[in-house]
Each structure stands twice: as C-alpha cells, then as structure tokens.
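Asker: Read in the numbering used here, the sequence shown has 452 at position 421, and its numbers run on one by one without any break.
First the structure, then my questions, so here it is.
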Amino acid sequence: MTVRKKIRIGELLVQHRIITDEQLRTALAEQKRSGSKLGHTLVELGYLSKAGFLQFLAQQLQVPYIDLKRYQIEEEVVRLLPEIYIRRFRALVLAEKKDGLLVGMADPTDIFAFDELRRILQRPIHSAVVGEDELLDIVDRIYRRTDEISHIAGELSEELSEGGIDIESLLIDSETEDAPVVRLIRTLFEDAVQIGASDIHIEPDESVLRIRQRVDGLLHEQVMKEKRIGGALVSRLKLMSGLDISERRLPQDGRFNIRVRGRSIDIRLSTMPLQYGESVVMRLLDQTGGVLELEQIGMSKDMLGRFRNLIHRPHGLVLVTGPTGSGKTTTLYGALNELNDPAKKIITVEDPVEYRLPRINQVQVKSRIDLSFARVLRSALRQDPDIVMIGEMRDQETAEIGLRAAMTGHLVLSTLHTNDAVSTALRLIDMGAEGFVVGSSLLGILAQRLVRRICERCEEKDPLNLRQRNWVEAMVGPKARQIPFKRGAGCPRCHNTGYYGRIGVFELLRIDTPLADALRHGDSAEFVRTARSQKGFKPLSMAAFEYAFQGITSMEEVMRLSGQIDESASVTDMTAAVETAEEKVHAAV
C-alpha cells in the first residue's frame, strides 16, 4: 500500500531549478487570487508544461505518471468508484491488481482524498498521477445519462397513460423541476453537453422514438419504446421556444437559452411534421467560452496572415464557403471579433443570430414578416456601416446588393454553399451577378471543411486498403510506401469510431489582377486555370493530405473529403504536400 506524504511542490520545483523563486512568488500570489491549485497556476502562467509538472510530481512521490490519452480504459473497472466520488476527489480506478487497486489521482498529495478513497473502495490503493482534464473527459464519456433518460422516459410514459391525461394540460402543470417531462429534457441536455454533441435530433417512428446526438459530425442513436412521450417532449420544447404548440402541420423555428453544468447554452430549435409525428432538431451553441479567436480556428500561420490581410482591407467582399456544419460561422465570427473596434460600425444580417457580440448591430432575418436578407441589407447600408456581414448570399438580389456595397466603400463578409474556393466566384456569376462587378468587388475566398482527428488513445499504423494505396501511389509514386499513415482502432473514449475531435481544413484564393481580369471578361476556363496555378494556393485535399501524413487524420478522411469536393489532385500538388508535411514533421522533432 502506498504511504501518503505531504510535500511542498513549489519549494521542490525551485530546488530542482525548474522554476525560479520569483516565479514561485508570482504563482503563489496568483493562486491566492484565483483559488486554483499551484500546479494549475504554474501551467497557466507558462512557467512549465502540464505534462512536465505531472511527471515531476510523480517522480517526487515515487509513483507512476499515466497519460490517460494513451491508456486503455476498462469501463467496468472505472465503475468500481461511483461518479460522485470520481468528480469530488478527481480520482479514477485504472486497474485491478492482486494486491489492490491502481487509482489515478489529479492530486496525489491530497491525503484526505486518499484516505476517503481507501475507505469507500475497501481495498488497498496504489496511486498514480494523471491529468485532471483527461480524467474528467473519461468520466463524461463513461457515465453517460442514457440509463437515466430511459428511466425518466418510462416514468413519463406511465404518467401519460394514467387516465388518458391530455398532454397540453400536463405541460401547464409541469413547471416544477420534479415533473418528468422537465427532468427528461434537462437530462437530455446534460448528456449532450457531457459528450460534446453539437445537435440533438428527436424523431418519432412507427413504434419507437429515436433520440440521436451528433458528435464530431456523426450521429449516435438511442431508441426508446415509449413512443407516446414524443408529443409531450415536442410540446414542452415548443413552449420553451415561444412557438405555437397547437400548430403541428407546419415547420416552426425558435430558440431559447439554458444553463447546463455551469455553462450557458443557446438552443436553436427547428420542428418539422413527419408521418408519425413531429421531428425536432436542436443545435447547441455554447456561449460560455465566447467567440473563438482567429488563431484558434486552425489555419496555418501563413494562411492566417493572408486571410487577415483580406479582412483588414477598407472595402471589398470576402467570402467563406463550404457545406452546412463546416465551421463557416465560427470563422466569420472570429473575423468579426477581431474587427470589432469602437472606431468602426459593424452591422450583421443573419438567419439566425448564433452568437451575440457587444457593439455589433445584429439583425435577425424574419421571412414571416418579409424581413429578408435583401430588405435588411438595403436598410443597413443607410445606417452608415463600415463593415457588413451577410449570413448567406442566398439569391441574386442579396448577392448584387452585397457586391455593390463592396464597391462603394464597405467591407462585406459573407458565406456561400459551394464546394471549393475556385468555383465560388463562378457561382456568383451563375446567380446573375455581372462579371465586371464580381471582378471589381471580390477580394478573396476561403473554403473550409472539418475532418475528424484520429483518437490518440487507440491510434495504430494504417496499412491502407487497395483503393487508398492506389490513389496515393498514383499521386506520389513509390514514395507513398514509406509514409507512416495512421488510423484509430476504436475504443470507449471515441465510441469505437477511431476518431476524437475535428480539425479545420482550409483553401484560400486571393483574387489578384489576372483572376479579376478573367472574371471581367467572363472567361471561366482561364479563371480556373489561373486560380489553380496561383502561387501559394493549396487545394482542400492537399491540406487534408498533409494532416494524414502527419498522423493527425486518416486517409479514409482525406478520401472522403476529396470525394465531397470532386477534386483530383495533380502529382505536383500531392508531392508538394508530402514535402511540406515532411518539413513540419522534421521541425516538430
């Protein structure tokens, strides 16, 4: 059994010359102000890395340091300790041994926590040092709310069955926290936030109710036999969104805000009548962290510099393109956040307003009262703006107003649903915009996608299947056989998908004089040829291939993205991507 001893970690760090006396004094003062632990404070101040601190702590305590990102977790073993104690003591049972349990602790110097764990588990304990963030991430994924959701759903179904209670009258009396419908909705949101879901789908089927959550772009399904509760859920959500609960024949859109686990979550809700009832889709927007800075979007340093150059121009049009769910809005809000300045007036026209930003005049489009993009945009231009953001250029009228605003001294930011940057300018002309107007107004186009990251915990060498190997070898040649591609084998952390999290893939096209001339003359073939040969231009598939070469994503994801954009890369482009990726790998080493 490990013997607990109290150590003064700050003094030891100074003794081993890892930090200085002055840094320790600064950290202790900051710790007193913030209430955080000393190790967390030292890492936040940048005096040492998180892994470095944990390894030092383990060395001083003479216990192992375990990187949970690479540790194979056994769910049954973790469940030996109830969730409430895992969160309270920041401790996780990692393995059963003949002489006791191996328990990972974020703070093994906490003697009280160690003694309580030994009392609760009734077994000898051998401690190890683990990262707190990784520990909580594992708990969130193992202690899902699915069982609780099923239990409350059954309770609600029984309540609806007793005497044929009318759903609407039930809802009127369901304001208390103990009402089953309220608890079910709260638990649904807690589970979604816990696993990092971006959307919740509630779908009635012939004999079941399906609840699906989108995580890293993929839907995960829970099927419930209590189909009759769907009506109560939908009606309650409509009430929360201020919608008409008696209208079941037409689609409706609404929004509301909730607090889940200390976080403010904006919910965008959409209903649609189906054959067996009403479907609800809710997009979860976490307002707690605020809008991402451009540095956090995921662009390379070189591309970020070029994109910044475009958005800091005094006038012109900058477009961000890609399909739904590709991160366009996140990028645009990052740009607006950087441009937000007391000296500039910024007006946005959105449908819907996703994030609320101070000082920026944000207008919500409302088609029911004919408050369209074009109508709001015409009025917005009379409000003396310096910068205008248009949520989406959906039609010819909106595109033409935006282009002419860009020509008359305004910086205009907007989005289009197109496959890549090269086709976007031609899409504007297809919408009815004149070539000379597009050529004179358009500054640049950023196309983007999200690809899934390989789960670090279960990553392994990827031998590639025949189709993938042929595709890469056709582009690169025999050199492809030496590239160390990876994939995820699948584990509990990534729900056996092999992927955990996503990363942005970007393609930036700057409209220079040759490209503008091609647009003015309506020469689409010349425009495409010149764009693809532009210095510094890298197609989306090449950017994704660099990630695969570096082991960040898999060739499966690269080929999925290449199939989406219907783009065949040239041998020169692919070879250049390999060389660029090699340079990054060597630089990292």
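Idealized CB from N, CA, C, for every residue including glycine.
Please determine, among Leu219, Val394 and Ile400, the residue with the shortest C-alpha to C-alpha distance to Ser410.
Answerer: The residue with the shortest Cα to Cα distance from Ser410 is Val394.
Asker: Is Thr352 helix, strand or coil by DSSP?
Answerer: Strand.
Asker: Return the CA-CA distance between Gln427 and Ala464, expressed in angstroms with no decimal places.
Answerer: If you take the alpha carbons of Gln427 and Ala464, they lie about 7 angstroms apart.
Asker: So is His47 buried or exposed if we call it buried at 16+ other beta carbons inside 10 Å?
Answerer: Classification for His47: exposed.
Asker: Phe145: buried (16+ other C-beta within 10 angstroms of its C-beta) or exposed?
Answerer: By the 10 Å Cβ count, Phe145 comes out buried.
Asker: Considering only residues of the same chain and omitting the five flanking positions on each side of Phe338, which have a CB-CB separation below 7 angstroms?
Answerer: Same-chain partners within the cutoff: Met330, Leu477 and Leu539.
Asker: I'd like to confirm something about Asp333: is its beta-carbon nearer than 6 angstroms to some heavy atom of the ligand GTP, or not?
Answerer: Among the components of this structure there are no ligands whatsoever, and the ligand GTP is therefore not found.
Asker: Which one or two residues does DSSP pair with Arg518 in a beta bridge?
Answerer: According to DSSP, Arg518 bridges with Glu491.
Asker: Helix, strand or coil: which one does DSSP assign to Leu112?
Answerer: Coil.
Asker: Please report the Cβ distance between Asp548 and Gly470, rounded to the nearest whole angstrom; I am assuming they are in contact, meaning their Cβ atoms lie under 8 angstroms.
Answerer: Asp548 to Gly470, Cβ: 7 angstroms. Contact.
Asker: If you follow the alpha helix (DSSP H) that His251 is part of, which residue opens it and which one closes it?
Answerer: Unbroken run through His251 is the beta strand (DSSP E), Leu249 to Met255; no alpha helix (DSSP H).
Asker: Sort out for me which residues DSSP pairs Tyr174 with in a bridge.
Answerer: According to DSSP, which records beta bridges pairwise, Tyr174 is partnered with nothing at all.
Asker: Would Leu457 and Met424 qualify as a contact pair, given that the criterion is a beta-carbon distance under 7 angstroms?
Answerer: The answer is no: Cβ separation not under 7 angstroms.
Asker: DSSP beta-bridge partners for His157?
Answerer: The partner list for His157 (beta bridge, DSSP) reads Leu133.
Asker: Could you name the residues that DSSP lists as bridge partners for Asp297?
Answerer: Paired residue(s): Asn288 and Leu316.
Asker: Mind the definition here: the stretch 352-363 touches the stretch 476-493 only if three or more C-beta pairs lie below 8 angstroms; say whether that holds.
Answerer: Touching, per the Cβ criterion.
Asker: For Glu75, report the span of its alpha helix (DSSP H) as first-last.
Answerer: Counting along the chain, the alpha helix (DSSP H) containing Glu75 begins and ends at Leu69 to Glu75.
Asker: On the DSSP bridge assignment, give the partners of Ala122 in chain order.
Answerer: Met136, per the DSSP bridge assignment.
Asker: Under the rule that 16 or more other beta-carbon atoms within 10 Å means buried, what is Ala60, buried or exposed?
Answerer: Flag for Ala60 reads exposed.
Asker: Exposed or buried, what is Ile142 when buried is set at 16 or more other beta-carbons lying within 10 Å of its beta-carbon?
Answerer: So Ile142 counts as exposed.
Asker: Taking Gln153 as the reference, give the member of Asp164, Val134, Val160 and Ile169 with the closest Cα.
Answerer: Among Asp164, Val134, Val160 and Ile169, the Cα nearest to that of Gln153 is on Val134.
Asker: Under the DSSP definition of a beta bridge, which residues are partnered with Ser445?
Answerer: BP columns for Ser445 point to Leu350 and Ile421.
Asker: Any contact between the stretch 512-531 and the stretch 556-564? By contact I mean 3 or more CB pairs, one from each, below 8 angstroms.
Answerer: No: fewer than three Cβ pairs fall under 8 angstroms.
Asker: Between Ile296 and Leu315, is the Cβ-Cβ spacing less than 7 angstroms?
Answerer: It is a contact, given that the beta carbons lie within the stated cut-off.
Asker: Just to confirm, is the Cβ distance from Ile104 to Ile169 under 7 angstroms?
Answerer: In contact: Ile104 and Ile169 (Cβ atoms closer than 7 angstroms).
Asker: Reducing DSSP to helix, strand and coil, say where Val396 ends up.
Answerer: In this structure, Val396 counts as coil in the three-state DSSP scheme.
Asker: Starting from Pro545, trace the alpha helix (DSSP H) both ways and give me its first and last residue.
Answerer: From DSSP, the alpha helix (DSSP H) with Pro545 extends over Thr544 to Arg551.
Asker: Let me check understanding here. Comparing Cα to Cα, which of Glu309, Ala263 and His157 lies closest to Gln93?
Answerer: Checked all of Glu309, Ala263 and His157; the closest Cα to Gln93 is His157.
Asker: At which residues does the beta strand (DSSP E) containing Val380 begin and terminate?
Answerer: Looking at the DSSP string, the run of the beta strand (DSSP E) that includes Val380 is Ile377 to Glu381.
Asker: Could you give the residue range of the alpha helix (DSSP H) that holds Pro389?
Answerer: First-last for Pro389: undefined, no H or E at that position.
Asker: Can you list, in chain order, the residues of its chain with a C-beta nearer than 6 angstroms to that of Pro416? Leave out the 5 residues immediately preceding and following it.
Answerer: Cβ neighbours of Pro416 beyond the five flanking positions: Lys376 and Ile378.
Asker: Answer yes if the stretch 254-267 comes into contact with the stretch 226-241, meaning at least three C-beta pairs across the two stretches below 8 angstroms, and no otherwise.
Answerer: Segments in contact, yes.
Asker: Taking contact to mean 3 or more Cβ pairs, one atom from each stretch, closer than 8 angstroms, check whether the stretch 267-280 and the stretch 339-352 are in contact.
Answerer: Result no; under three Cβ-Cβ pairs closer than 8 angstroms.
Asker: In whole angstroms, what is the alpha-carbon distance linking Phe84 and Val74?
Answerer: Distance between the alpha carbons of Phe84 and Val74 is about 8 angstroms.
Asker: Kindly identify the DSSP beta-bridge partner or partners of Pro304.
Answerer: Glu309, per the DSSP bridge assignment.
Asker: Specify, as a first and last residue, the run of the alpha helix (DSSP H) that Tyr530 falls within.
Answerer: Careful: Tyr530 lies outside any alpha helix (DSSP H), inside the beta strand (DSSP E) at Tyr530 to Arg541.
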